[in-house]
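S.K.: Residue numbers (the numbering used here): 5 to 287.
The C-beta atom is built at its ideal place from N, Cα and C for all residues, glycine as well.
1) In angstroms with no decimal places, state the Cα-to-Cα distance between residue 193 and residue 201.
2) Can you give the Cα-Cα distance for residue 273 and residue 39, rounded to whole angstroms?
3) Is the beta carbon of residue 242 less than 8 angstroms from the beta carbon of residue 147?
4) Along the chain, where does the beta strand (DSSP E) containing residue 237 start, and where does it finish?
5) How about residue 222 and residue 45: are their beta carbons less than 8 angstroms apart?
6) Take residue 226 as the anchor and find which of 43, 144, 58 has the nearest alpha-carbon.
7) According to DSSP, what are the bridge partners of residue 150?
8) On the CB-based measure, 16 or more other CB atoms within 10 Å of its CB, does residue 254 come out buried or exposed?
9) Rounding to the nearest angstrom, what Cα-Cα distance links residue 99 and residue 141 in this structure?
10) May I have the straight-line CA-CA distance separating residue 136 from residue 106, to the nearest angstrom?
11) So which of 41, 121, 268 has the shortest CA-CA distance to residue 2?
12) Need the endpoints of the alpha helix (DSSP H) that residue 139 sits in, please.
13) Within 10 Å of its beta-carbon, does residue 29 have 16 or more other beta-carbons around it, so buried, or fewer, so exposed?
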């Protein structure tokens, strides 16, 4: 009974956070949202260090962590990193390569997602890689799985240890609007189950949903792409977004849609300061 009351009290606290997120009645400054968000998780899980939130549910449960660390001894994403390195270093038909698009750097993960003021939209790393291809006469790669995941795995591996550092330009109303749209998506109920992203990942992280331990929203974007045992292959963050939408019986959007790019913009900003630790492995 006491445990049930504790869970209920925590849920009430979480839902109070949602109520103060200004999703229905107006906007708050991103920095204020960030401080409220990170402070909430710090108080909810006082034994978890800030950097450890990058490890998702494995930061919350010791048994899960031990099993995950055993898998990481021989990680299932190693071949993806190798393939991605080969793709990165293979010239396009015009003689140029990915390095020419990114000033010779491959450790570029913490530069994305970013706001493009000229296009008035969020640019993600998968988008930037495909735009590099098309600008050099190559065909774009599929966004959910396949060779693009290997490229992302290579870039993520080279970027390990970088700090998440998304910027929301305070003087650009379009950037602020994209951020607010991502925030609204995160906190809005949807689907036949009438649940928001926040219900699982703010109100109930650490609790079981069937056989899965729900992960905290803080750190959701640090470890992509991931090899999921359920998929049996590498997959993208937007593929996971779509899966979550389908689980609550809601409409799933296309990878790199405005909805998912804005959601990624919001969620990554909420994880500012956390180390990047992709690629990852998950159940």
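M.R.: On the basis of the data shown:
1) 8 angstroms
2) 11 angstroms
3) yes
4) 237 to 239
5) yes
6) 58
7) The partner list for residue 150 (beta bridge, DSSP) is empty, contrary to what the question assumes.
8) buried
9) 11 angstroms
10) 9 angstroms
11) Coverage of the chain is limited to positions 5 through 287, which leaves residue 2 absent and any answer about it impossible.
12) 129 to 139
13) At residue 29, the pLDDT of 39 sits below 50, so the modelled position is not reliable; the number obtained from the coordinates is stated separately. It counts as exposed.
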